[in-house]
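Visitor: Note that this note's numbering has the sequence shown beginning at 1, numbered continuously upward.
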Amino acid sequence: VNALSEGVRVGLDKCVKDLVADPEITAAVLTGASGVFCGGADISEFATGLNGPSLPQVISVMENSSKPIVAAVDGLALGGGFEVALGCHWRLASTRAQAGLPEVNLGILPGAGGTQRLPRLIGAEKSVDFMC
């Protein structure tokens with residue numbers, strides 16, 4: 001599922017900071033594994049609490065990077081995973097890509113800025129299709 005566990009958030013945060021600090025690297029491509037970009041939050045952390053950087057903090061570091069980050073989406077990009085893709089400077093999607101914020105159907109608001117970034121990118125009317 002490539003869930004956004006503490007280890008993934010810490011790793012993303014470190015990689016982006018390393019990207020910015022390394023003069024030899026001019027850009028980065030972020031992708032998932034096993035046909036999934038990222039399936040969203042690690043729900044096991046809901047019971048134990050979050051440690052490490054929060055997803056909004058990590059996405060803010062990505063979005064504010066002085067070097068471009070491209071999300072290469074293949075397969076699922078759901079919830080927080082979709083928000084990670086939205087926090088990248090550009091997004092490329094395969095024909096198998098599926099994206100959305102399905103947590104709204106459970107009465108949970110996306111917590112990492114997806115409801116703001118998506119309408120800015122594609123407009124409010126089209127954004128509704130990704131949220132319902």
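In this text, a Cβ means the ideal position worked out from N, Cα and C, and glycines have one as well.
Which residues does DSSP list as the beta-bridge partners of Ala33?
Guide: Bridge partners of Ala33: Val36.
Visitor: To which residues of the same chain is Ala33 closer than 8 Å at the C-beta, ignoring the five residues directly before and after it?
Guide: Excluding positions up to five away in sequence, the list reads Asn2.
Visitor: For Val1, does the three-state DSSP call read helix, strand or coil?
Guide: Three-state DSSP puts Val1 in coil, outside helix and strand.
Visitor: For my contact list, Ala72 and Val29 are in at a C-beta cut-off of 8 Å; report their separation, rounded to the angstrom.
Guide: About 5 Å; that satisfies the 8 Å criterion.
Visitor: Please return the same chain residues whose Cβ sits closer than 7 Å to the Cβ of Thr26, not counting the five positions on each side in sequence.
Guide: Within the same chain, Thr26 has close Cβ partners Lys67.
Visitor: Go through its chain and collect everything with a Cβ distance to Leu118's Cβ below 7 Å, but skip five positions before and after it.
Guide: Excluding residues within five positions, the ones whose Cβ falls inside 7 Å are Leu86, Ser127 and Phe130.
Visitor: Between the beta-carbon of Gly40 and the beta-carbon of Gly75, is there less than 8 Å?
Guide: Contact flag unset, no.
Visitor: At which residues does the alpha helix (DSSP H) containing Gly79 begin and terminate?
Guide: From DSSP, Gly79 is part of no alpha helix (DSSP H); its letter is neither H nor E.
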